[in-house]
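In the numbering used here, the protein residues as written are 3 to 160. Idealized CB from N, CA, C, for every residue including glycine. These numbers were taken from a predicted model, which means no experiment stands behind them.
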Amino acid sequence: MRSRLKGRKSPVIQEIVREPTSGGIVFRMTPDQKDIEILLIQDSKNRWTIPKGHIEQGETAKDTAIREIGEEAGLQHISVLTWLGKIHFKYRRADKLVLMTTQVYLVRAVDANETPKKEKWMHSIKWFSFTDALEAIEYEDIEKLMLIARKKIRAGEV
């Protein structure tokens with residue numbers, strides 16, 4: 003069978019790489035305490051997502067979430083409330099198949115006056131209303147965890 007993409011043959015996968023990552027769904031309440039806002043970052047490919055990154059040697063997933071939120075969002079006054087779940091996805095990087103696992107935590111921004119600061123590689127960072135965050139988020143699995151987070155917040159479980 004001949005490929006329909008002449009001259010665009012991908013290299014054969016030579017290696018499978020596992021990349022454990024961790025991050026957080028960062029939220030705050032609106033000033034009237036009636037709605038939830040979610041902090042999202044816009045990555046270098048213009049996709050809206052949550053702050054997250056690779057788990058370093060000797061770090062726990064929770065430690066990584068705290069560090070990455072500090073690095074990617076500039077937030078230092080946060081409280082990790084609960085673990086929400088784990089998401090899996092895969093992609094190709096040249097001749098490697100990357101299997102990424104992301105631990106996701108529910109994180110409250112404690113200081114309402116602390117302004118998020120984006121890293122240079124990002125396009126943007128901003129607070130969204132919960133509904134707008136659901137519309138903007140690029141990844142369906144994170145969207146599902148956001149719905150779980152909202153349920154926990156509304157039920158007073160955190």
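Spatial neighbours of residue i in its chain, beta-carbon cut-off 8 angstroms, leaving aside the 5 residues before and after
i, result
"Ile89", "Thr103, Thr104, Val106, Tyr141, Asp143, Ile144 and Leu147"
"Lys2", "Past the boundaries of the shown model lies residue 2; the chain is included only from 3 to 160, so the question cannot be answered."
"Ala111", "Val28, Phe29, Arg30, Leu41, Leu77, His79 and Ile80"
Top-ranked residue by Cα proximity to residue i, from the options
i, options, result
"Asn48", "Ala138, Leu149, Ala151 and Glu159", "Ala138"
"Asp37", "Ala75, Phe91, Phe132 and Ile71", "Phe132"
"Val82", "Ile68, Phe91, Gly60 and Ile43", "Ile68"
"Phe130", "Pro13, Arg30 and Thr23", "Arg30"
"Gly87", "Leu101, Leu108 and Gln59", "Leu108"
"Ser46", "His125, Arg152 and Ile155", "His125"
Spatial neighbours of residue i in its chain, beta-carbon cut-off 7 angstroms, leaving aside the 5 residues before and after
i, result
"Asp113", "His79"
Residue span of the alpha helix (DSSP H) that contains residue i, given as start and end
i, result
"Arg152", "Glu142 to Arg156"
"Lys64", "Ala63 to Ala75"
"Glu137", "Phe132 to Ala138"
C-alpha distance - residue i paired with residue j, whole-angstrom precision
i, j, result
"Trp123", "Asp34", "34 angstroms"
"Thr117", "Lys128", "9 angstroms"
"Glu39", "Ala135", "8 angstroms"
"Ile150", "Gly26", "13 angstroms"
"Val92", "Glu121", "Looking at the sequence shown, residue 92 is not Val but Lys. Taking the straight line joining both Cα atoms gives about 25 angstroms."
"Lys119", "Ala157", "30 angstroms"
"Ala96", "Pro13", "7 angstroms"
"Glu61", "Thr84", "17 angstroms"
"Glu159", "Thr32", "18 angstroms"
Close-in-space but distant-in-sequence residues of the same chain around residue i (CB under 6 angstroms, 5 per side omitted)
i, result
"Trp50", "Leu42, Gln44, Ala138, Ile139 and Glu140"
"Ser24", "Ile57, Ala63, Thr66, Ala67 and Gln105"
"Pro53", "Gly25, Ile43, Glu70, Ile71, Glu74 and Ala75"
"Glu101", "Note on identity: in this sequence residue 101 is Leu, with Glu being the wrong assignment. So the qualifying residues of the chain are Arg20 and Lys92."
"Arg94", "none"
Residue interval of the beta strand (DSSP E) (run including residue i)
i, result
"Val14", "That residue, Val14, is in no beta strand (DSSP E); it is neither H nor E in DSSP."
"Arg95", "Ile80 to Arg95"
"Ala114", "Premise fails: Ala114 is in no beta strand (DSSP E) and is neither H nor E."
"Glu39", "Ile38 to Gln44"
"His56", "Lys54 to His56"
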